[in-house]
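The next block holds one structure in the form of structure tokens; read it before the comments.
Residue numbers (the numbering used here), protein chains in the order written: chain A, 1 to 195; chain B, 196 to 393.
Structural data, given as structure tokens:
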């Protein structure tokens with residue numbers, strides 16, 4: 001019995017010291033990590049809403065959906081489009097994309113925020129071919145509206161990556177779903193204004 | 196006990212991957228590119244050196260019965276430090292290594308060295324042991340990473356090295372390729388061993 005208390009006490013002491021050390025490290029790295037996360041979103045927004053002014057992208061956080069509104073000038077008077085984060089289960093990870101649409105609902109920009117797909121196959125959703133500027137898989141989405149979005153195997157016109165249909169489908173379907181949710185929300189908001 | 200022997204044994208004679216065949220989970224999983232291999236090797240080396248030093252320092256205070264949980268706490272603490280630091284200062288590497296950074300906790304090389312070496316030897320030798328073993332692990336990962344990335348993706352450190360006519364052997368960067376490459380290297384080193392012993 002005495003032994004258990006003694007051993008337990010020692011273990012407790014060790015874990016307390018470890019926790020204290022980690023708390024210290026966390027206080028140093030936390031602001032850095034938050035900064036990195038913010039930077040990732042900011043850079044993604046620049047790609048998703050290429051026409052928007054960098055200081056004129058506002059986050060809208062309604063109860064239903066979270067999205068961004070982009071304006072052309074810092075005074076926020078000319079709306080150029082909306083951006084939303086789409087999430088879909090890929091082959092080995094959840095794929096997150098930031099996608100931007102203009103006010104008519106056509107895609108004007110997109111970029112992958114997070115993916116841990118199979119190297120050489122699924123990761124091609126981000127592959128930029130030599131001499132090109134944008135990832136060739138993502139370029140297919142530009143100008144399309146949610147109704148057009150489906151991979152060829154599902155009867156659509158997005159050419160899936162050879163050997164990575166699941167990753168391609170995850171990106172395509174998650175973007176379509178996210179845009180539909182956004183569209184519905186915007187329509188509702190518009191009707192509410194009219195009434 | 197000689198300093199050079201304790202340091203260099205991890206490079207070849209007791210290389211954690213090719214000789215002791217330990218820590219195969221991260222070896223197989225993240226050796227698909229040179230960058231991942233070196234990142235993982237460096238992270239594991241840091242954890243190995245730190246945990247070896249701390250465990251060696253406290254080796255006379257730790258009761259035998261609960262040494263393993265205490266070792267695990269020490270190791271987990273350093274792994275979390277690496278994880279946080281990597282997320283803050285090397286976000287790209289952190290992203291590509293993913294779950295395998297936190298999984299360093301259960302890498303048997305680290306617990307193995309704590310149990311087999313640091314718990315019984317002085318701080319200085321434990322430091323040398325950790326550093327040598329860590330570098331040995333990194334060398335092994337890099338060797339696999341170079342082979343797999345070069346042949347499987349036609350790149351080195353993410354830069355294409357062959358012309359467009361090169362058709363990569365895709366299977367090498369996929370999970371089965373990890374087993375194939377590791378198996379061939381293990382066989383190769385065993386063969387060398389046999390030759391040199393004769």
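Note that beta-carbon positions come from the ideal geometry of N, C-alpha and C, so glycine has one too.
Practice problem: Report the residues of the segment 19 to 42 of chain A with a CB closer than 7 Å to any CB of chain B, ordered along the chain. | Solution: Residues passing the 7 Å Cβ filter: 21, 22, 25, 26, 29, 32, 33, 36.
Quiz prompt | Every unbroken alpha helix (DSSP H) inside the segment 112 to 136 of chain A [4 residues or more] | solution = For the segment 112 to 136 of chain A, not a single whole alpha helix (DSSP H) run of length 4 or above is found.
Quiz item: So which residues on chain A does residue 348 (chain B) lean against when the C-beta distance must stay under 9 Å?
Solution: Contact annotation for residue 348 (chain B) against chain A: 119, 120 [CB-CB distance below 9 Å, chain order].
Practice problem: Report the rounded CA-to-CA distance for residue 118 (chain A) versus residue 372 (chain B), giving the unit in angstroms. | Solution: Between residue 118 (chain A) and residue 372 (chain B), the C-alpha separation is close to 12 Å.
Quiz item: What residues from the segment 223 to 254 of chain B come within 8 Å of chain A, judged by C-beta to C-beta, listed N to C?
Solution: Listed by position along the chain: 227, 228.
Exercise. Quick one: using the 10 Å Cβ neighbour count with 16 as the cut-off for buried, is residue 325 (chain B) buried or exposed?
Key: Residue 325 (chain B) should be labelled buried.
Practice problem: Tell me whether the beta-carbon of residue 240 (chain B) lies closer than 8 Å to the beta-carbon of residue 305 (chain B). | Solution: The answer is no: Cβ separation not under 8 Å.
Self-check item: Exposed unless 16 or more other CB atoms sit within 10 angstroms - verdict on residue 44 (chain A)
Solution: Buried, because 16 or more other Cβ atoms sit within 10 Å of the Cβ of residue 44 (chain A).
Exercise. Would you tell me roughly how many angstroms separate the C-alpha atoms of residue 205 (chain B) and residue 166 (chain A), rounded to the nearest one?
Key: Taking C-alpha positions only, residue 205 (chain B) is separated from residue 166 (chain A) by approximately 42 Å.
Quiz item: Just checking my contact of residue 361 (chain B) with residue 349 (chain B) at CB under 8 Å: how many whole Å lie between their CB atoms?
Solution: Correct: roughly 5 Å between the Cβ atoms.
Quiz item: Ordered along the chain, which non-local residues of its own chain (more than five positions away) have a Cβ less than 8 Å from that of residue 24 (chain A)?
Solution: Cβ within range, chain order: n/a, list empty.
Quiz item: In the structure shown, what three-state DSSP assignment does residue 272 (chain B) receive?
Solution: Looking at residue 272 (chain B) - three-state DSSP - the assignment turns out to be helix.
Practice problem: Within the segment 257 to 338 of chain B, note down every full alpha helix (DSSP H) run reaching 4 residues or more, in order along the chain. | Solution: Those alpha helix (DSSP H) runs which fall completely within the segment 257 to 338 of chain B and span 4+ residues are 262 to 284, 286 to 292, 303 to 308.
Exercise. Measure the Cβ-Cβ separation of residue 312 (chain B) and residue 224 (chain B) and say whether it is below 8 Å.
Key: It is not a contact, given that the beta carbons lie outside the stated cut-off.
Practice problem: Report yes or no: do three or more beta-carbon pairs, one from the segment 260 to 271 of chain B and one from the segment 284 to 295 of chain B, lie closer than 8 Å? | Solution: In this structure the segment 260 to 271 of chain B does not touch the segment 284 to 295 of chain B; the number of beta carbon pairs closer than 8 Å is below three.
Quiz item: Going by the beta-carbon positions, is the gap between residue 71 (chain A) and residue 182 (chain A) smaller than 8 Å?
Solution: Against a cut-off of 8 Å, the Cβ pair of residue 182 (chain A) and residue 71 (chain A) comes out as no contact.
Practice problem: Please compile the residues from chain B whose C-beta is within a distance smaller than 8 Å of the C-beta of residue 202 (chain A). | Solution: Residue 202 (chain A) lies beyond the stretch modelled for chain A, which goes from 1 to 195, so this question has no answer here.
Quiz prompt | C-beta contact flag for residue 270 (chain B) and residue 333 (chain B) at 8 Å | solution = Taking 8 Å as the Cβ cut-off, residue 270 (chain B) and residue 333 (chain B) do not qualify as a contacting pair.
Quiz item: Helix, strand or coil for residue 87 (chain A) per DSSP?
Solution: Note: residue 87 (chain A) maps to strand in three-state DSSP.
Quiz item: Is the segment 130 to 140 of chain A touching the segment 214 to 222 of chain B in the sense that three or more CB pairs, one from each, lie closer than 8 Å?
Solution: No, the segment 214 to 222 of chain B does not touch the segment 130 to 140 of chain A.
Quiz item: Do you know offhand how far residue 100 (chain A)'s Cα is from residue 149 (chain A)'s?
Solution: Rounded to the nearest angstrom, the two C-alpha atoms are 14 Å apart.
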